[in-house]
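Taking it in order: structure first as structure tokens, then the write-up.
Residue numbers (this note's numbering), protein chains in the order written: chain A, 6 to 463; chain B, 31 to 1073.
Have a look at this one:
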């Protein structure tokens, strides 16, 4: 369909007195891709915090060990060290790996959950829409690297006994007070993302619906003038944009077909028999395919939440769940959980490194951020939030290959989650002075906390 | 005439002013497109009052007014817009210059309006529609009586639904009928969108998954206006919502229960599915019996070879310090964590338990059973592992007991009908091969039957148009709450047929539902005049539309049964009809509403009312105290060890309770809101239950105080078990308390904590103790007092905001009760926090609020050249720092309207705590850090140097000399404000905006005067104001345009 909006609607010149319209949401639908090799971002969030001690390197020198223990700032080259056991799945990728300590999450809070807060650097309160303070950082980055789907969110969560499935409320936010949707099981993600190829009838019926609405609403314009006319026109224009987006996705059919993931039939109907690892792998396959086929350049994957069933995780011999794990001192199981996550990261990195792009590979233009939802433990503290970051050769951040510990919370030079996100945004084209809330204790102490982490900007 | 002559005559004569400026008025402007002529009288005005400062040499504010004709159309319109705004706001000429005569000002305004209207280019008109500009209509003119002859109306409009109306619509489509237990009775409530109760606690996950794209802006003041339109972001969200709604409505269960027309179309298919379901369920349970009956002894030989699954070795759970194995015993936890697998395991245990049968043997039997059935290998491994874990790590006696208690029935064999059994037998014989597990056979049979039924349906042919028409009608009635027109029916039938062809029936039905949910009619309120045209060109709304307008004005719901009946009877056509219905709706008290789900969620607060919700919500928005929920505070400044987030919900809930209390009485509403000295502080709103809870604590204290409870041993304590049990003391109500030795021995400590806390509350001569819990507990435990919705009453720290001395607090069980140093909502901590910054008070914002909300004043925007930041100086108070900056003449122009009002609030800090000293919170002024120690009696804030508070202010602008003047503090000021006519009228203006969804105009003057009189004549009834507004011309009449 190629209906020219102006022609169809016979839009008169409205002049400066027009009703103020809401801002264009074209970017949400993915404007024309402007970058030849856009940078890709994968945020992998997990629950129960990240215990700082489990991120220390076993081969620290005495001096490094002391500094790490006292939470003093320092850096060291990973190539000179062994990784903790749970992180050794990434041994082959040390040059791209960063272990980042010292960023605080006080702006989004500790406690059991931070919901969208850890993605938007604000305290989201309870999981209510009115707590969503701003567009989350993944959506902000997605604006910088437009794509047909703009942003894809996946989540492997549940209710302690069973995994969720279908399309459910997510944890990212495309705008203030708007909660994103996410795919809660691999089959649903597969069905929805690739349906232009796997289920053209469904796409056809969606388009039929849109075309019908377009005609019906367009008819309401007859006899309308001024602001009332504008109200309907806005809606009709939105329908048109979605329709055009669907057409755009259809043009990617060849790329999608070529890179369609293979999803085991165990994942059908929500995959009740699939184990935790089955689901992790399948989600990674979907994620990789979505990136390779160009459907999206930004993915947020909540790989677990406190309610994610982990009874099928090999090694979970006490069959405990993540919430109880958080209350216990079982660091061994914690490491097993993280190791399973690293397996997925390694898989994603390996696969992206196998796809040529430009003079290198797709991974060269990729950043993966593995981060806790709530800081340094089950109920916080949120004064630390250890992260694992993978950056490709063309990264605009100068952090790869290092263990970096920044100054501790509320000490000179400390950096918050807001500073970290500002860094990402500045590096990739958004010159915002400061993204995210300010830390209240540092404000009380009149400590400077605005802007990016300059030393990270390449 | 020669061309040159024409050209010469085409120019108006140059006019040379005293300043030597040359005017150019041309028949053809610079763009050559149309002529721009300034009428002579307008020229004269501009010349005499404007051009002196706005010419080519002097361009004040970068504006030139001597060359309008030579500008491009766009530039000229831009200038004219600026002039129009300045003239309207009476900002020009400047106050120290010679002013325009009233007539000249009006002539200029008319000319500007005319010129701008030619291009539909007036920004002022759009500006005046915005909430922030409501006060720009002159207050004196509105209430002077000079304009009561103008005919009021509201322009025809589509009005986007609010978040609350959206929630109501979704609840209706999802058949979600939320309830609350209120004062012990379960009742349906309106205003629950499902976000409050987590799925873990029984909340509806489908309802929670619907995202509300219509959230209102978060400004303080009236938020719901008619000038928002549906945007792309709304649509994207609605598309996802529509799919979920459609998926629910088109399920078999839902259509059977609620949609007969839908069901008729789907009947054959649903019957087929039901047959298949029954067959599958039967075979899932009794397949073994079926195959034994068919194959007899041969059956065993056809089964696959049973191979046991390998499971990793399960370690013990733990050992105690002596090396003894510890086993787990929390059966409740087991149940909540293992769901379906545990149920299957329990069934297996129930079936196979017998004398002499070991648990290992039970495992083997279950495994064989599941294997033979064909359970997926991963599920099989999970269940067998679970059974191994139970054996190794759990107290097996408890497991067996639990199985027994659950009374699990083993299904008895009841064959289906003879016909069905024949069909089953035939299919099993046809499809079973050696080695098949039962599930494989079942799947093959099911596949065959599904194909057969599909063929049967194809042979049955298409649905008749009548049935599809009925479906269309049913969906219109449910979703759009009306019947379709014949054209709509025709179009939708055609669409449905196309969907059926592409998708099959059930999905086609879902698609139709999606289509209707995505129409603009679903999300816009339709308020167009369609009745007879009166002599002034106005029309009333049709009764149906009027019923929605009235209902949405007072509630967030579609018209109730009485309103619908009135429409059907033809009794909603006159002003008296409207009055009757409004009075009826306002007097309803049999419906409870959730006031605010965010407040409910933040600490189990009730947040309920049976006051018509929009009435209460007006004051929530007007005062804006809800914003205290979103201001984030540093807990160390609240009190180290306490949590602001943990208590803000209680604070706002109690502010709502106070407003509700005043509205229920409906006398001197505005005055009481501004001057009441009665407040709720840690109270549920139910005086009887608070009294009972407090008396219970008294009783316990009085009983034990004569004993040496501090040194009680376990033995000594349990001598008083009868009393403890009677009192149901905290921690004793676990079901296994009496039999669980560990619980009882630990409870001594809990008992002493409670008694310590009760002693603290009553040992200083207090008559009544605040009924808060001595220690925190998980939410499912019963606490010492409950909210009206039966949950734990949390948040006793709320008393900190009110400077409650917890060590000496004689708790008032009857509330609202007098609290020192407080008077009215402007001294309520929720309001004070909402109008503060994160770390400091905000006198400017507080003063702005008073000026705009109570004094009907206007404050211009901060000029873009201004850095509106208070300078740092940790040796000065905020007032001193602010004055240093804002007392400069450029700033004072605007700040004189705000600061003198706002400074009066300085007797409260940014947490709303009363103070006489201001803490200079800077590291250099730190006297003492405080440890993180909990305790209501502990002020855990860091200690800083201080300076005395100066709260002197000046009230001006009431229009009453006896009220204007210097004030000592806000308590002094609010007393005066409550007596002001202008304040009363200003509140009524805001009420107008709230109930009309737009700003008032001069033509609404009569409406406002009438509403004011209604309030006064009724002794201060807010209901009277609402009735007056909703029966006014402004509400009743519509017109296509203001032009």
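The beta carbon of each residue, even a glycine, is placed where N, CA and C say it ideally should be.
Legend entry - Within-8 Å CB hit, residue 133(A) to chain B: yes
Inset, instruction - Reducing DSSP to helix, strand and coil, say where residue 947(B) ends up. - result: strand
Inset, instruction - Just the chain B side, please: which residues come within less than 8 Å of residue 221(A) by C-beta, in chain order? - result: 521, 549
Inset, instruction - Please list, in chain order, all residues of the same chain as residue 72(B) whose beta carbon is under 8 Å from its beta carbon, the five residues on each side excluded. - result: 137, 138, 141
Inset, instruction - Count the other C-beta atoms from every protein chain shown that fall within 10 angstroms of the C-beta of residue 930(B), then say buried if there are 16 or more, exposed otherwise. - result: buried
Inset, instruction - Assign residue 445(A) to one of two classes, buried (16 or more other C-beta atoms within 10 Å of its C-beta) or exposed (fewer than that). - result: buried
Inset, instruction - Could you please give me the residues that DSSP links to residue 187(A) through a beta bridge? - result: 173(A)
Inset, instruction - Report the residue from 401(B), 685(B), 558(B), 948(B) whose alpha carbon sits nearest the alpha carbon of residue 333(B). - result: 401(B)
Legend entry - Members of the segment 896-915 of chain B near chain A, C-beta cut-off 7 Å: none
Inset, instruction - Residues of the segment 86-118 of chain A with a CB closer than 8 Å to any CB of chain B: list them in chain order, please. - result: none
Inset, instruction - Check residue 182(A) in the structure and name its three-state DSSP category. - result: coil
Inset, instruction - Using only alpha-carbon positions, find the residue among 80(A), 331(A), 158(A), 115(A) that is nearest to residue 193(A). - result: 158(A)
Legend entry - Touch test, the segment 313-324 of chain A against the segment 338-348 of chain B, Cβ-Cβ under 8 Å, three pairs minimum: yes
Inset, instruction - Using 10 angstroms around the beta-carbon of residue 663(B), count the other beta-carbons present and answer buried if the total reaches 16, otherwise exposed. - result: buried
Inset, instruction - Have a look at 134(A), 190(A), 239(A) and flag the residue whose alpha-carbon is nearest the alpha-carbon of residue 244(B). - result: 134(A)
Inset, instruction - Taking residue 306(A) as part of the alpha helix (DSSP H), name the residues at either end of that continuous run. - result: Premise fails: residue 306(A) lies in the beta strand (DSSP E), 303-307, not in any alpha helix (DSSP H).
Legend entry - Given 8 Å, three or more beta-carbon pairs between the segment 912-920 of chain B and the segment 958-969 of chain B: no
Inset, instruction - Buried or exposed for residue 1018(B), please, with buried defined as at least 16 other CB atoms from any protein chain shown within 10 angstroms of its CB. - result: buried
Inset, instruction - Note down, in chain order, every chain B residue with its Cβ under 9 Å from the Cβ of residue 254(A). - result: In chain order: nothing, as chain B lies at least about 14 Å away.
Inset, instruction - Quick one: using the 10 Å Cβ neighbour count with 16 as the cut-off for buried, is residue 126(B) buried or exposed? - result: exposed
Inset, instruction - Please go through the same chain and pick out, in chain order, the residues whose beta-carbon is closer than 6 Å to the beta-carbon of residue 431(A), but skip the five residues on each side of it. - result: 457
Inset, instruction - For residue 25(A), decide whether its Cβ has a neighbour in chain B, counting only Cβ atoms nearer than 8 Å. - result: Because the pLDDT of residue 25(A) is 22, which lies under 50, any placement of that residue in the model is unreliable, and the number read from its coordinates should be weighed accordingly. Closer than 8 Å to some Cβ of chain B, the Cβ of residue 25(A) qualifies, so yes.
Legend entry - Distance between beta carbons of residue 152(B) and residue 146(B), contact taken as under 8 Å: 4 Å
Inset, instruction - Please say whether residue 736(B) and residue 782(B) have beta carbons closer to each other than 8 Å? - result: no
Legend entry - Complete runs of the alpha helix (DSSP H) confined to the segment 339-423 of chain A [at least 4 residues]: none
Legend entry - CA-to-CA distance, residue 384(A) to residue 770(B), given in whole angstroms: 30 Å
Legend entry - Contacts of residue 408(B) in chain A (Cβ-Cβ under 9 Å): 271, 278, 279, 280, 283, 317
Inset, instruction - Indicate whether the contact test is met: 3 or more Cβ pairs, each with one atom in the segment 443-462 of chain B and one in the segment 312-321 of chain B, closer than 8 Å. - result: yes
Inset, instruction - Determine the burial state of residue 66(A): buried for a count of at least 16 other Cβ atoms within 10 Å of its Cβ, exposed for fewer. - result: exposed
Inset, instruction - Please check if any C-beta of chain B sits within less than 8 Å of the C-beta of residue 174(A). - result: yes
Legend entry - Any 3 or more C-beta pairs closer than 8 Å across the segment 793-812 of chain B and the segment 935-943 of chain B: no
Inset, instruction - My understanding is that residue 1048(B) touches residue 817(B), with C-beta atoms under 8 Å, so please give their C-beta distance in whole angstroms. - result: That pair is no contact at about 33 Å.
Legend entry - Three-state secondary structure (DSSP) of residue 137(A): coil
Inset, instruction - For residue 566(B), count neighbouring Cβ atoms within 10 angstroms of its own Cβ and tell me buried if that reaches 16, exposed if not. - result: exposed
Legend entry - Nearest to residue 646(B) (by Cα), restricted to the options 616(B), 632(B), 970(B), 506(B): 616(B)
Inset, instruction - Return no unless some Cβ of chain A is closer than 8 Å to the Cβ of residue 225(B). - result: yes
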